[in-house]
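As you go down the protein sequences, you meet chains A and U in turn.
Numbering of the first sequence is given in the working numbering, commencing with residue 1 and proceeding in unit increments.
Numbering of the second sequence is given in the working numbering, commencing with residue 1 and proceeding in unit increments.
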Amino acid sequence: MNHSISILSPTAILGYGFPESSFEAGLARNPDAIAVDAGSTDPGPYYLGSGESFTNREAVKRDLTLMIKAGLEREIPVLIGTAGGSGARPHLQWCLEVIDEVLCDLNRNARVAEIASDQDQDSVINALHAGRISALGPVPQLTEEAITNSTYIVAQMGVEPVIDALEQGAQIVVTGRCYDPAVFAAVPIRAGLSEALSLHMGKILECAAIAAVPGSGSDCMLGVVDASGFTLEALSSERRCTVTSVAAHTLYEKTDPRFLPGPGGVLDLTACHFEQLDERRVRVTGTQLQKSERYTIKLEGSQPAGFRTISIAGIRAPDLIEQLDAVLLAVRERVFTNFQSIDQADVQLLFRVYGKNGVMGELEPCREQLPHEVGLVIEVVAKTQSLADTVCSFARSTLLHFGYPGRQSTAGNLAFPYSPSDISHGVVYEFSVYHLMTVDDPLSPFPIQIKVRGVT
Amino acid sequence: MKLSDLATVIRSKNAGPFELTFDVLFATHDDFERAVKSEVLSANKFAALFHIPVSDVLSVVEFEPALAIKVTIKRARSSGAFGETDVYGAQQHAPLLSLDIPD
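Structure below.
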């Protein structure tokens, strides 16, 4: 059987860029689709919570221009997973606006499918009460409060809504939150190829050339899936896929490389075989998919955690560095003694000491060595911005002039790199939902809208 | 010999916002076997190194196809929550570098 499907993955995250020469090399292989992952939870809870993208608009537009131009010229679909970085409603709209601009610049129009992934609070609360929600790993049990406090709750869609959009003739598919491999696997699965192989290939392609050596998050990769396996090829002449680089990528950001859970089932890699075809290509066979009894989707949500203010300073005085822990404790006490009216439950005050457990915190095994200088971040998260500003300012001024035992440097304890010294961040967020929800079918949580966009 | 002399890749990263995962990769099957046999990356040793209860070590997987040992632990707090020191979890691997691999 000669039937095979090729997918071109230009970059690890839409907006991270890629060399045009690699992209051209990929197009020369006549791919059946161009697909890209645009999202991640790695940059933390702020982006899902605030509705902002963690990628830069100009950089996203640059990548999309090349992808959409090639897709329309070649009449192959362009698929974008987890638009805007987190895939909630504002992220999807943000990406669609960029697509509109690109289409207008190209003087083209296209049938664009947008697939929403927002889950309304009531339906999640109903699912919670119906026992259809479970924690994903070491996550607190979900509560109604966490659901209602979340600014956006998204669910990761599987391949089904993406395939449905393609069936409806979409030339460009833009999804809300999406299981990373889905936009890569949809086209081969729709063509009748193995779900297991297509999804496993998608798992690797979603990070593009990160799975090559030397690895890169901003270079292209080609995946070709056929009846018995799939082949991966790095498209820059500087890079190659090796058995180790591809197998190693299977570990990336996962708990267990042998079993990779996703919507509707678990990819089982225990019988996988990785084979070096030639210097640049690796072939993978033997991936299996254990379908789950009930279709399960992953929910993600983020909630406001208060307002943050920080102040950055350095300390060089050896006598202060030596007794810093005690001094910081005393400063903390002074702050709360001075403002008796402040409810301590409304304020969190933290001194980060870089040079001493600043990077690893409680995980740091190396606790005894004294550095010759330390970087200090005074951080306050409080119920209001003005309260955070007040507490940070007072902690900073108290520490600046704090008279610790034996102090000789009586003019000031802190070296500030900036004026103003304090920075107000605005609202900060924390992950509130990271749970699995069973659903009746893979399509209904993810409504699809198709319309012609671009020049009319 | 130190683990950093035996392994080709030693890294840490979030595995979702609530877990932190460590990958140690080797160039040859012999090196991989040697590291596995040394048991320096056992759940107990890992817990002691990072000052965490052994119950917070969620899994230790020896993945032969990638010549890799993978250890996943519970994060002290969800990524980016108050008190976070490393949102991506990418700089938590350093204590592994100097682990001693017996001859």
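Positions of the beta carbon are idealized from the N, C-alpha and C atoms, including for glycine.
Shorter than 8 Å from the beta carbon of residue i to some beta carbon of chain A?
i      : result
U/F32  : no
U/P102 : no
U/N14  : yes
U/F50  : yes
U/L67  : yes
U/L46  : Correcting the residue type first, residue 46 of chain U is Phe in the shown sequence and not Leu. U/F46 does not count as touching chain A.
U/A35  : no
U/L25  : yes
U/A7   : no
U/K74  : yes
U/P53  : no
Does residue i come within less than 8 Å of chain U when only Cβ atoms are used?
i      : result
A/A305 : yes
A/M1   : Residue placement at A/M1 is poorly supported in this model, since its pLDDT is 46, which falls under 50; the coordinates are not used for a value here.
A/G202 : no
A/E362 : yes
A/F431 : yes
A/Y404 : no
A/L399 : no
A/Q255 : Here residue 255 of chain A turns out to be Thr, not Gln, going by the sequence shown. Yes - at least one Cβ of chain U is within 8 Å of the one on A/T255.
A/L350 : yes
A/D278 : no
A/L106 : no
A/V331 : no
Mind reading off the beta-carbon distance from residue i to residue j? Whole number of angstroms is fine, and I expect it under 8 Å.
i      : j      : result
A/S198 : A/P214 : Not confirmed; about 27 Å, so no contact.
A/D32  : A/S6   : 5 Å
U/L3   : U/I101 : 6 Å
A/V433 : A/G301 : 3 Å
A/A212 : A/M201 : About 14 Å; that fails the 8 Å criterion.
U/G16  : A/E430 : With 8 Å as the limit, U/G16 and A/E430 do not qualify as a contact, their Cβ atoms being about 14 Å apart.
A/G265 : A/Y179 : That pair is no contact at about 11 Å.
A/T309 : A/S424 : 5 Å
A/N107 : A/V455 : 6 Å
A/G403 : A/G314 : 20 Å between Cβ atoms; not a contact.
A/A83  : A/V174 : 5 Å
U/V60  : U/S38  : No, U/V60 and U/S38 are not in contact; Cβ-Cβ is about 13 Å, not under 8 Å.
A/V154 : A/S86  : 7 Å
A/L277 : A/T244 : About 14 Å; that fails the 8 Å criterion.
Where does residue i sit, in a helix, a strand or coil, going by DSSP?
i      : result
A/K69  : helix
A/R190 : helix
A/F446 : coil
A/P90  : helix
A/L349 : strand
A/N109 : strand
U/K45  : helix
A/L14  : coil
A/M63  : The sequence shown places Asp at residue 63 of chain A, not Met. Of the three classes helix, strand and coil, the one that applies to A/D63 here is helix, per DSSP.
U/H93  : coil
U/L67  : coil
U/N14  : strand
A/L136 : coil
U/S38  : helix
A/Y47  : helix
U/L6   : helix
A/V381 : strand
U/S55  : helix
A/K254 : coil
A/N149 : helix
U/I73  : strand
A/A35  : strand
A/H129 : helix
A/D118 : strand
Here's a check: name, in chain order, each residue in its chain whose Cβ is nearer than 6 Å to the Cβ of residue i, leaving out the five neighbours to either side.
i      : result
A/A495 : Summary: the structure shown does not reach residue 495 of chain A, with chain A confined to residues 1 through 456, and so no result is reported for it.
Skipping 5 residues on each side, what residues in its chain have a beta carbon closer than 8 Å to that of residue i?
i      : result
U/D56  : A47, I73 and K74
A/M1   : Confidence at A/M1 is low in this model, with a pLDDT of 46, below 50, so the placement of that residue is unreliable and no value is reported for it.
U/I77  : The sequence shown places Arg at residue 77 of chain U, not Ile. Excluding positions up to five away in sequence, the list reads G83 and E84.
A/E364 : N357
For the ligand MN, is there any heavy atom lying closer than 7 Å to the beta carbon of residue i?
i      : result
A/V380 : For the ligand MN, the structure offers nothing, since it holds no ligand at all.
Identify, in the order they occur along the chain, each residue of the same chain with its Cβ nearer than 7 Å to the Cβ of residue i, setting aside the five sequence neighbours on each side.
i      : result
A/R334 : T398
A/V327 : L320, F402 and Y404
A/A59  : G15 and G17
How would you list, in chain order, the residues of chain C whose beta-carbon sits under 8 Å from the beta-carbon of residue i?
i    : result
U/K2 : Of the protein chains in this structure, namely A and U, none is chain C.
Report task. Count the C-beta pairs between the segment 445-452 of chain A and the segment 224-235 of chain A that are closer than 8 Å, then say yes if the count reaches three, no if not. Result -> Too few Cβ pairs lie closer than 8 Å, so no.
Query raised in the report: Taking three-plus beta-carbon pairs below 8 Å as touching, is the segment 58-69 of chain U in contact with the segment 20-38 of chain U?
Result: At 8 Å Cβ cutoff, the stretches touch.
Query raised in the report: Is the segment 232-240 of chain A touching the segment 253-266 of chain A in the sense that three or more CB pairs, one from each, lie closer than 8 Å?
Result: By the Cβ test, the segment 253-266 of chain A is not in contact with the segment 232-240 of chain A, since fewer than three Cβ pairs between them sit closer than 8 Å.
Query raised in the report: Do three or more CB pairs link the segment 35-44 of chain A to the segment 76-83 of chain A at distances below 8 Å?
Result: These segments touch.
Query - At least 3 beta-carbon pairs within less than 8 Å: the segment 340-357 of chain A vs the segment 379-388 of chain A - result: The count of Cβ pairs closer than 8 Å, one atom from the segment 340-357 of chain A and one from the segment 379-388 of chain A, reaches three, so the stretches are in contact.
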